[in-house]
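Here's the structure, in structure tokens; my notes come after.
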Amino acid sequence: MSAIPRIDPPARTVAPKPLEAGVEEALNRRYEAGFVTDIETESLPPGLSEEVVRAISAKKNEPEWMTEWRLKAYRHWLTMTPPTWAKLQIAPIDYQAISYFAAPKNAPKSLDEIDPKLLEAYDKLGVPLHERARLAGIAVDAVFDSVSVGTTYKDELKKAGVIFCSISEALHEHPELVRRYLGSVVPVGDNYFAALNSAVFSDGSFVFVPKGVRCPMELSTYFRINAGHTGQFERTLIICEEKAYVSYLEGCTAPMRDQNQLHAAVVELVALDDAEIKYSTVQNWYPGDENGVGGIYNFVTKRGECRGARSKISWTQVETGSAITWKYPSCVLLGDDSVGEFYSVALTHHRQQADTGTKMVHIGRNTRSTIVSKGISAGRGQNTYRGLVKVEKTAANARNHTQCDSLLIGKRCGAHTFPYIEVKNASATVEHEATTSKISDDQLFYCRARGIGEEDAVSLIVDGFCKQVFKELPMEFAVEAKKLLDLSLEGAVG
Amino acid sequence: MLKIDNLHVRAGNREILKGLNLEVAPGEVHAIMGPNGAGKSTLGHVLAGREGYEVTAGSVTYQGKDLLALEPEERAAEGLFLAFQYPVEIPGVNNTYFLRAALNAQRKHRGEPEIDSMGFLKLVRQKLSVLHIKDELLNRAVNVGFSGGEKKRNEIFQLAVLEPTLAILDETDSGLDIDALKLVAEGVNLMRSPERSFLVVTHYQRLLDHLQPDVVHVLAEGRIVESGGPELARELEQHGYAWVKDRIAPGAAA
Numbered sequence: 001m002s003a004i005p006r007i008d009p010p011a012r013t014v015a016p017k018p019l020e021a022g023v024e025e026a027l028n029r030r031y032e033a034g035f036v037t038d039i040e041t042e043s044l045p046p047g048l049s050e051e052v053v054r055a056i057s058a059k060k061n062e063p064e065w066m067t068e069w070r071l072k073a074y075r076h077w078l079t080m081t082p083p084t085w086a087k088l089q090i091a092p093i094d095y096q097a098i099s100y101f102a103a104p105k106n107a108p109k110s111l112d113e114i115d116p117k118l119l120e121a122y123d124k125l126g127v128p129l130h131e132r133a134r135l136a137g138i139a140v141d142a143v144f145d146s147v148s149v150g151t152t153y154k155d156e157l158k159k160a161g162v163i164f165c166s167i168s169e170a171l172h173e174h175p176e177l178v179r180r181y182l183g184s185v186v187p188v189g190d191n192y193f194a195a196l197n198s199a200v201f202s203d204g205s206f207v208f209v210p211k212g213v214r215c216p217m218e219l220s221t222y223f224r225i226n227a228g229h230t231g232q233f234e235r236t237l238i239i240c241e242e243k244a245y246v247s248y249l250e251g252c253t254a255p256m257r258d259q260n261q262l263h264a265a266v267v268e269l270v271a272l273d274d275a276e277i278k279y280s281t282v283q284n285w286y287p288g289d290e291n292g293v294g295g296i297y298n299f300v301t302k303r304g305e306c307r308g309a310r311s312k313i314s315w316t317q318v319e320t321g322s323a324i325t326w327k328y329p330s331c332v333l334l335g336d337d338s339v340g341e342f343y344s345v346a347l348t349h350h351r352q353q354a355d356t357g358t359k360m361v362h363i364g365r366n367t368r369s370t371i372v373s374k375g376i377s378a379g380r381g382q383n384t385y386r387g388l389v390k391v392e393k394t395a396a397n398a399r400n401h402t403q404c405d406s407l408l409i410g411k412r413c414g415a416h417t418f419p420y421i422e423v424k425n426a427s428a429t430v431e432h433e434a435t436t437s438k439i440s441d442d443q444l445f446y447c448r449a450r451g452i453g454e455e456d457a458v459s460l461i462v463d464g465f466c467k468q469v470f471k472e473l474p475m476e477f478a479v480e481a482k483k484l485l486d487l488s489l490e491g492a493v494g
Numbered sequence: 001m002l003k004i005d006n007l008h009v010r011a012g013n014r015e016i017l018k019g020l021n022l023e024v025a026p027g028e029v030h031a032i033m034g035p036n037g038a039g040k041s042t043l044g045h046v047l048a049g050r051e052g053y054e055v056t057a058g059s060v061t062y063q064g065k066d067l068l069a070l071e072p073e074e075r076a077a078e079g080l081f082l083a084f085q086y087p088v089e090i091p092g093v094n095n096t097y098f099l100r101a102a103l104n105a106q107r108k109h110r111g112e113p114e115i116d117s118m119g120f121l122k123l124v125r126q127k128l129s130v131l132h133i134k135d136e137l138l139n140r141a142v143n144v145g146f147s148g149g150e151k152k153r154n155e156i157f158q159l160a161v162l163e164p165t166l167a168i169l170d171e172t173d174s175g176l177d178i179d180a181l182k183l184v185a186e187g188v189n190l191m192r193s194p195e196r197s198f199l200v201v202t203h204y205q206r207l208l209d210h211l212q213p214d215v216v217h218v219l220a221e222g223r224i225v226e227s228g229g230p231e232l233a234r235e236l237e238q239h240g241y242a243w244v245k246d247r248i249a250p251g252a253a254a
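Chains as they are written, first to last, in the working numbering: chain A, 1 to 494; chain B, 1 to 254.
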């Protein structure tokens with residue numbers, strides 16, 4: 001466990017700062033997803049009230065129970081205060097200054113009618129949506145600001161019995177499923193940001209894999225924040241019935257803006273008997289500039305319930321973007337012999353801050369969990385691992401292994417580790433290993449003396465450090481994640 | 001090949017090399033011996049370009065180029081290789097992958113096409129069979145969990161794959177038992193050629209029994225104080241470094 005003194009970043013300024021063309025260009029090179037798509041947007045004026053919640057619900061033509069569900073969440077949210085226990089410096093957020101709904105005008109009914117500008121935006125991001133260029137073997141749901149703009153491979157999935165659509169669509173097509181599972185893992189009042197999300201969430205993805213079906217392809221959602229002054233509040237719900245399997249990926253980007261933008265998502269996973277859900281994230285929200293101006297506040301609640309016996313939920317995350325990350329993808333291991341896994345790479349460079357980790361709650365007997373966390377800090381980045389391993393009385397023979405490694409690059413960054421372990425059953429085995437290391441001059445010189453240049457040497461060493469996590473990602477994503485890491489570390493040495 | 005002229009080097013406030021002269025011709029094997037703290041490892045580090053040393057006077061010419069003006073990776077690409085006294089561990093990075101990255105970085109610098117993984121594997125297999133190194137070293141992370149002997153043999157393996165023009169062996173024999181020493185020496189002998197020179201930094205004569213150097217130098221107090229044939233190494237072994245000190249004392253005062 002490390003005890004490295006931390007350097008607090010100065011308070012963030014939110015005033016727009018003019019950028020010189022040259023600087024802007026250089027920044028753009030570094031954050032390739034930083035472009036803005038010029039598209040007509042229909043948005044609600046900034047502000048949050050019961051009327052706004054009702055307006056969002058009305059825009060989406062929701063059934064009354066859904067509107068009530070949102071209002072309940074909103075009223076609960078009003079009684080709550082933002083969490084302050086994380087090791088993060090967050091400038092106060094004015095919730096009345098945010099617009100809670102933004103959607104491209106003339107929302108398409110199908111991929112054939114989609115605005116060419118939107119297709120172009122996704123092409124630029126490397127996620128082509130139109131038929132001839134689609135990613136082979138990966139079905140994509142594209143969420144642009146507050147709404148889903150299209151889902152590929154829908155028919156193929158339907159044949160297999162898999163439902164993959166936007167959550168708005170699911171509310172109309174499969175209301176009974178949504179009603180049964182929504183909020184059953186993350187209740188509306190779970191925490192401040194989850195309550196806010198429950199009140200105002202606009203879209204997200206819905207996946208249902210019926211009994212015995214192995215989803216024939218990778219499913220993925222690509223989240224894109226485009227509009228300024230808006231928050232993105234998406235909701236993802238994935239259900240795997242008995243013996244079903246799905247692998248799901250999410251990617252995220254946003255334009256470069258000098259204001260901070262809020263992204264407060266909720267993801268709920270449910271695995272029944274013998275089901276397996278593999279959930280991978282490559283998060284590349286705009287991180288702000290070198291001085292910490294702008295960037296996304298990524299305050300996300302992700303939780304999976306292994307409800308069935310022998311079920312398995314595996315979280316893999318590569319977090320390179322966002323100004324601030326507050327995120328703890330967790331597993332509640334209810335079913336006997338169920339398995340929870342968490343593999344994480346979190347990188348903070350410049351003024352980025354991350355407080356991330358997981359919760360593994362063992363309730364069923366013989367439940368097992370594995371946590372592998374790799375934190376990389378560079379520049380003035382602050383990186384915190386926070387993890388809870390909880391073994392309830394009922395969880396006989398529960399096992400957990402936690403490995404928590406931090407890598408420091410340079411002298412001004414910080415790494416922190418807060419492991420919490422609560423064990424109420426004496427037959428449990430809980431192991432915690434932690435290391436803190438620096439990229440040493442010896443390592444760099446060794447690589448250079450073999451002909452490998454300094455930047456490549458850093459990338460090689462970091463890649464080696466993250467290997468255990470990268471190998472959990474689907475192939476294409478592993479390559480992408482490695483590239484992203486290299487890009488995010490540019491200029492970290494020297 | 002290599003010409004070191006009046007080299008003065010400081011580390012912090014301490015002057016370590018104080019006017020070192022040395023010339024190595026292509027195909028020659030030179031041994032540098034000397035007591036602890038004489039500056040042997042410093043010489044290897046300075047030639048390879050390690051930071052933390054300040055060259056206050058003198059020059060190093062390597063194949064007609066000013067060696068000291070080059071970055072470490074440029075020196076490597078120009079054919080200079082340093083076998084480390086303490087090879088460094090790089091967790092999670094596959095040994096083969098590392099070596100291919102190194103070879104391709106060097107080839108790129110020289111304007112040669114990169115070698116693909118199939119071609120590289122062929123090259124590796126060929127070198128392994130000659131060096132009698134076990135395959136298992138290949139798929140482990142660079143130097144992680146290697147025994148002392150394995151680390152040194154891995155250095156020789158890298159030397160064989162990278163095929164440098166000038167190889168500096170920094171106390172490659174230290175910490176090796178007799179069998180491991182023989183294997184390392186065999187590897188080096190196999191690499192000898194009319195175009196390739198070696199600078200073997202060592203404390204003891206036993207490695208030189210196997211290598212048969214063309215020239216033996218004694219480095220003491222930051223300078224070469226004595227040069228000779230292989231018989232010089234044997235004399236040192238018999239009389240110890242105190243004998244050298246006695247011999248150089250008048251010269252040093254002059």
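Note that beta-carbon positions come from the ideal geometry of N, C-alpha and C, so glycine has one too.
Considering only beta carbons, the part of the segment 65-78 of chain B lying closer than 9 Å to chain A consists of E71, P72, E73, E74, R75, A76, A77, in chain order. The beta carbon of B:P113 does not come within 9 Å of any beta carbon belonging to chain A, so the residue lies off that interface. Following the DSSP letters along the chain, one finds A:R224 inside the beta strand (DSSP E) bounded by residues 218-224.
In terms of Cα proximity to A:G183, the closest of A:D141, A:Q89, A:K302, A:A275 is A:K302.
Counted as a single uninterrupted DSSP element, the stretch harbouring A:S459 is not any beta strand (DSSP E) but the alpha helix (DSSP H) occupying residues 454-470. By alpha-carbon distance to A:T435, the top candidate from A:K327, A:C306, A:S198, A:Y385 is A:Y385. In the structure shown, A:K424 falls within a coil segment according to DSSP collapsed to helix, strand and coil. Out of A:I363, A:E422, A:N383, A:T358, the CA that lies nearest to the CA of A:A346 is found in A:N383. By the Cβ rule, the segment 137-154 of chain B does not count as touching the segment 58-71 of chain B, because fewer than three pairs are nearer than 8 Å. Assigned with DSSP and collapsed to three states, A:H174 falls in coil, not helix or strand. Chain-order list of chain A residues neighbouring B:R192: empty, with the shortest C-beta distance near 21 Å, by a criterion of under 7 Å. Against A:D486, chain B offers no close residue; the least beta-carbon distance is about 13 Å (beta-carbon pairs closer than 8 Å). Rounded to the nearest whole angstrom, the C-alpha separation of B:A69 and B:V46 is 11 Å. For A:K467, the C-beta contacts it makes with chain B under 7 Å involve G92, in order along the chain.
Ranked by Cα distance from B:V144, the first of B:I90, B:G222, B:I156, B:P72 is B:I90.
Taken through DSSP and simplified to helix, strand or coil, B:D173 comes out as coil. According to the DSSP assignment, A:C447 belongs to the alpha helix (DSSP H) that extends over 441-449. Looking at the DSSP output, A:D273 sits in no beta bridge, so it has no partner there. Around the beta carbon of A:I409, 16 or more other beta carbons sit within 10 angstroms, so the residue counts as buried. Using a Cβ-Cβ distance cut-off of 8 Å, the segment 6-22 of chain B and the segment 477-485 of chain A are not in contact, since fewer than three pairs of beta carbons, one from each stretch, lie closer than that value. Residue environment: B:A57 is assigned as exposed (fewer than 16 neighbouring CB atoms within 10 Å of its CB, all protein chains considered).
In this structure, the beta-carbon distance from B:E163 to B:T202 does not fall below 9 Å. One alpha carbon belongs to B:R234, the other to B:A83, and they sit about 24 Å apart. Looking at the DSSP output, A:T230 bridges to A:S99. Collapsing the DSSP output to three states places A:Y297 in a strand.
Under a 10 Å Cβ-count criterion, B:H30 is classified as buried, with 16 or more other Cβ atoms of the shown protein chains found around its own Cβ. For A:A346, no chain B residue has a Cβ inside 7 Å of its Cβ, as the nearest lies near 17 Å away.
DSSP places A:A395 outside both helix and strand once states are collapsed to three, so it counts as coil. Under the DSSP assignment, B:H109 falls in the alpha helix (DSSP H) whose first and last residues are 95-109.
Taking 9 Å as the threshold, the shortest C-beta distance from B:F146 to chain A does not fall below it. A:K158 sits exposed, since fewer than 16 C-beta atoms from the chains shown fall within 10 Å of its C-beta. Within the segment 448-461 of chain A, the residues whose Cβ lies closer than 9 Å to some Cβ of chain B are R448, A449, R450, G451, I452, G453, E454, D456, A457, L460, I461, listed in chain order. The residues A220, Y241, in chain order, have a CB closer than 7 Å to that of B:P35 in the same chain once the five nearest residues on each side in sequence are set aside. When the Cα atoms are used, A:I421 and A:F342 turn out to be separated by approximately 16 Å. According to DSSP, residue pairing for A:F477 in a beta bridge does not occur.
Under the three-state reduction of DSSP output, A:D337 falls in the coil class, being neither helix nor strand.
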